Every structure is written in structure tokens, then in C-alpha cells.
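K.L.:
The sequence shown begins at 1 in our numbering and counts up by one.
Even for Gly, the Cβ is constructed at its ideal location relative to N, Cα and C.
Just so it is clear, the structure is predicted and the values come from calculations on it, not from any experiment.
Pasting in a structure now, in C-alpha cells, and then I'll have a few things to ask.
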Amino acid sequence: MHFALPPKKTWQPPLYARTGVRLPANSRRRQQLQLGGYAVLALLTLYLLWSCIAPSRSWTPDGEIELNPKIVIVTMFDDRGTSREYRNMIRKNREHYAGLHGYSLFHTNVSTYLDVLETEPSHPSPPTSWAMVPALRHALKLHPDATYLWYLSDQAFITEPSYSLSEHIFSNLSALMQKDVPVVPPDSVIHTFSHLKPAHANLILTQDMDNLANTNLILRNTKRTSSNTDNWAHFFLDAWFDPLYRQYSFQKAENHALEHLVQWHPTILAKLVLIPQRQLNSYNFRYKPVVENDVPREHDAMWRDGDFVINLKGCDDDEKNMANGIFDRNNGRVCEAELRQFYQRWERKLLANKEK
Numbered sequence: 001m002h003f004a005l006p007p008k009k010t011w012q013p014p015l016y017a018r019t020g021v022r023l024p025a026n027s028r029r030r031q032q033l034q035l036g037g038y039a040v041l042a043l044l045t046l047y048l049l050w051s052c053i054a055p056s057r058s059w060t061p062d063g064e065i066e067l068n069p070k071i072v073i074v075t076m077f078d079d080r081g082t083s084r085e086y087r088n089m090i091r092k093n094r095e096h097y098a099g100l101h102g103y104s105l106f107h108t109n110v111s112t113y114l115d116v117l118e119t120e121p122s123h124p125s126p127p128t129s130w131a132m133v134p135a136l137r138h139a140l141k142l143h144p145d146a147t148y149l150w151y152l153s154d155q156a157f158i159t160e161p162s163y164s165l166s167e168h169i170f171s172n173l174s175a176l177m178q179k180d181v182p183v184v185p186p187d188s189v190i191h192t193f194s195h196l197k198p199a200h201a202n203l204i205l206t207q208d209m210d211n212l213a214n215t216n217l218i219l220r221n222t223k224r225t226s227s228n229t230d231n232w233a234h235f236f237l238d239a240w241f242d243p244l245y246r247q248y249s250f251q252k253a254e255n256h257a258l259e260h261l262v263q264w265h266p267t268i269l270a271k272l273v274l275i276p277q278r279q280l281n282s283y284n285f286r287y288k289p290v291v292e293n294d295v296p297r298e299h300d301a302m303w304r305d306g307d308f309v310i311n312l313k314g315c316d317d318d319e320k321n322m323a324n325g326i327f328d329r330n331n332g333r334v335c336e337a338e339l340r341q342f343y344q345r346w347e348r349k350l351l352a353n354k355e356k
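Here it is as C-alpha cells:
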């Protein structure tokens, strides 16, 4: 049958119709190479992002610290302010404890850093208590493989040598951490982080009644690696020792400078852990209760038998102690006399352990 007009042709091919056009083999190869290049680029981007975000040290479960950390105990003496007998008692205490647990010791003297403390000739010299900061920097230089530096004032004495830092502090750090509390007591508006994991803590401190207790602290040595060229410990000590802070004449020198740093520099606050004072840094006096805004406030700092460390903080400043309501025998304090009591107790404990 014939039609008067030919049937209309559609210019749209039927659904799923093959066009009959095939790309040359070299074009298909080029497309495959492009897709492969995009995939490699995406994987490389993810790897670089992970390298920046992931911790530089080997992964540890939350609440745990590296196994068998290398620890260096740092003590700075002041030959001008203490007797040889006093210093010998402290040295023997440190040497016994370090030998018992396999720790290293770094003993130095205030006089080593007097030149470093100077800022400008026109400015008065800062208090010698600032010397603890370059002393810690010095220890890092001599012990680059250390995992932790434990700065322990020459007014502190280890009264329970059976405790290692690993079992007494690190293994319990998750439970000991004081989260979301004022950094500087009693009512600092800046609080400690509530989500910080123990394995990511770089600075461990305690608080006393009024301040951060900086004469007994634990600092992690964040070692440089191929993937991380920064060292947080170096950064922290350099920031703390900034000439601006030394010239500022803080009322409590390096202590108030530290409090300023941890409150207003998130990079430092983010690595700070506070633990109960008597866990690491008991005092040889009792704070009297105070009332602030009609609210009574107390603080548990007094050493008791079984505590790890006794700190004779301020034993050489009778006038300040009396002003703060700190009283003991004779209404005054003598560092060597106080230390000798704990030294003799410590010797008796060691002798009893040998006889067992």
C-alpha cells in the first residue's frame, strides 16, 4: 500500500538505542587514566588531612599513658639559701626514689641561670624563682628522649617512695582529672576542659587554696618526629619565659605568669590537667577556712601519712606565713628543721622495709 506522503521521521533515537558511535581506544584509555588520577588525589588528600589531625605520638587508649615512660626528675637547688646538710637530705631522697623506679635525675642550681634571667640593663632583675623555667629547658636539652619531666622543688620531699608515677598518677589520670573547674581558685571564669583525654595531656598540675601550685609539675616532652616538627614542651616553656612576663612584675612572679598563660592561651589550656593537691603535692600546713560572699571555703592540703610528697612551701618566709594564718610550733618555720622530721621518718621506713 502506498501513501501520498512519506511517514515522518523522528530525530530522537528510541530509548536505549545505540548510537553506533564508539570512542577510539585511546580516548577510553585517557578517561580511565583521569578517573584513576582523581581517585589517587582523593586518597592522598585524606591521608594528609589525617596526618595533620591525628596525634603525633603513637595511639594510646583513652585514659592511658604510654607504657614504661622515660621520666627525668628535675630539682633546682639554691646554694645561697640552704645548708649543705639540707641539700644532701634532698639529694639522697631523690637518688633513692629514682633508683627504685628507674628514673633519671637532673640536679642544677639557681646560680646557673642568673645571666639568663636578665632582660634589659634598665630593668630590675626578676625574682630568682623564675630560674625553674630555663632549668626545665636545660633538662629537655640534655634528655631529649625523656617522655616526662617531673619538676620537684627543693622544698619537696618524697615520703612514699613505693609509689611510681605510672601507678599513682598516670594509670588513674582519667579518674583524677578535675574537669570543668576554675583554673585559678576559687572563681576563675576560665575552666579546665571537660573533654580532654588523659593520653593528650601535656601538663599536670595541682591547685592550692589560692593559686596553681607550680613548684611541683609534670611536663610531657612532645618529641619531634618526621610527621610533627613541633615540640609543645619547648613552645610552652618559651612562652612562659617571655621577657614581657619577666618585666611585668607579677605579684607572684612566674606563678602568676603561668596562671595568665593557661587562662588566656587556649593552646596551653587545651593540654592542662589539674589533679587533687594531696595526690602529688601535699603541704606541711593547714589552710584556715575562709568566708567569701557569705560562702565558707576550705581546702585540703595538709600532708597525712601515706601521702606521696610533702612540700614545705614557704618554710623560709615567716612573715608571709603569719599573715596568711599559717601557724605551727614556735609560730615560725625553719626549712631544715621541718625537713629533718620527714627525713628521719623516711629513713625508718626504708630500714623497716629492708628488715622484712
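Along the chain, where does the beta strand (DSSP E) containing R246 start, and where does it finish?
P.N.:
Here R246 belongs to no beta strand (DSSP E); instead the alpha helix (DSSP H) covers P243 to Q247.
K.L.:
Among the candidates K252, N202 and A253, whose CA atom is the shortest distance from the CA of W232?
P.N.:
When each option's Cα is compared against that of W232, the closest is N202.
K.L.:
Tell me which residue opens and which closes the alpha helix (DSSP H) that I268 is part of.
P.N.:
P266 to L269 is the span of the alpha helix (DSSP H), which, as asked, contains I268.
K.L.:
Distance, Cα to Cα, L196 vs L269?
P.N.:
Computed Cα separation, rounded: 10 Å.
K.L.:
Rounded to a whole number of angstroms, what is the C-alpha to C-alpha distance between R345 and E298?
P.N.:
Near 28 Å, if we compare the C-alpha coordinates of E298 and R345.
K.L.:
Taking 8 Å as the cut-off, decide whether the C-beta atoms of T206 and P144 are in contact.
P.N.:
In this structure, P144 does not lie closer than 8 Å to T206 by Cβ.
K.L.:
In the structure shown, what three-state DSSP assignment does M302 receive?
P.N.:
Strand at M302.
K.L.:
Flag this pair as touching only if the stretch 243-251 and the stretch 182-193 have three or more C-beta atom pairs under 8 Å; answer yes or no.
P.N.:
No, the stretch 243-251 is not in contact with the stretch 182-193.
K.L.:
Let's test the definition: count the other Cβ atoms within 10 Å of the Cβ of V262 and tell me whether it reaches 16, buried, or not, exposed.
P.N.:
Answer is buried; the Cβ neighbour count reaches 16.
K.L.:
Tell me whether the beta-carbon of D187 lies closer than 8 Å to the beta-carbon of D78.
P.N.:
No, the pair does not count as a contact, with Cβ atoms beyond the cut-off.
K.L.:
With DSSP as the reference, label H107 as helix, strand or coil.
P.N.:
Note: H107 maps to strand in three-state DSSP.
K.L.:
Of the choices D115, M209 and R304, whose alpha-carbon is the least far from that of A131?
P.N.:
Out of D115, M209 and R304, D115 has the C-alpha closest to the C-alpha of A131.
K.L.:
Would you call the stretch 154-170 and the stretch 86-101 touching, i.e. three or more CB-CB distances under 8 Å?
P.N.:
With the cut-off at 8 Å, the stretch 154-170 and the stretch 86-101 touch.
K.L.:
Can the beta-carbon of L136 be found closer than 8 Å to that of L237?
P.N.:
Cβ distance < 8 Å, so L136 and L237 count as in contact.
K.L.:
Give the C-beta separation of I218 and Y148 to the nearest angstrom, bearing in mind that I take them to be a contact with Cβ-Cβ under 8 Å.
P.N.:
The pair is a contact, with the Cβ atoms about 6 Å apart (cut-off 8 Å).
K.L.:
Is Y287 helix, strand or coil by DSSP?
P.N.:
If DSSP states are grouped into helix, strand and coil, Y287 belongs with coil.
K.L.:
In the DSSP assignment, find the unbroken alpha helix (DSSP H) run with I169 in it and report its ends.
P.N.:
Segment: none, I169 is in no alpha helix (DSSP H) and carries neither H nor E.
K.L.:
Is the beta carbon of K170 less than 8 Å from the beta carbon of I65?
P.N.:
Per the sequence presented here, residue 170 reads as Phe, with Lys not at that position. Yes, these two residues count as a Cβ contact at 8 Å.
K.L.:
Among D210, A301, D307 and W303, which has the Cα closest to the Cα of E292?
P.N.:
For the residues D210, A301, D307 and W303, the minimum Cα distance to E292 belongs to D210.
K.L.:
If you reduce the DSSP assignment to three classes, tell me which class D328 lands in.
P.N.:
The predicted position of D328 is uncertain, since its pLDDT is 49 and thus under 50; a value taken from the coordinates is nonetheless stated next. D328 falls in the coil class under three-state DSSP.
K.L.:
On the premise that M76 lies in contact with T108, defined as a C-beta separation below 8 Å, what is that separation, rounded to the nearest angstrom?
P.N.:
5 Å between Cβ atoms; contact.
K.L.:
Check the DSSP bridge columns for Q207 and list the partner residues they point to.
P.N.:
Partner(s): L212.
K.L.:
Is the separation between the beta-carbon of T215 and that of N311 shorter than 8 Å?
P.N.:
Closer than 8 Å, so yes.
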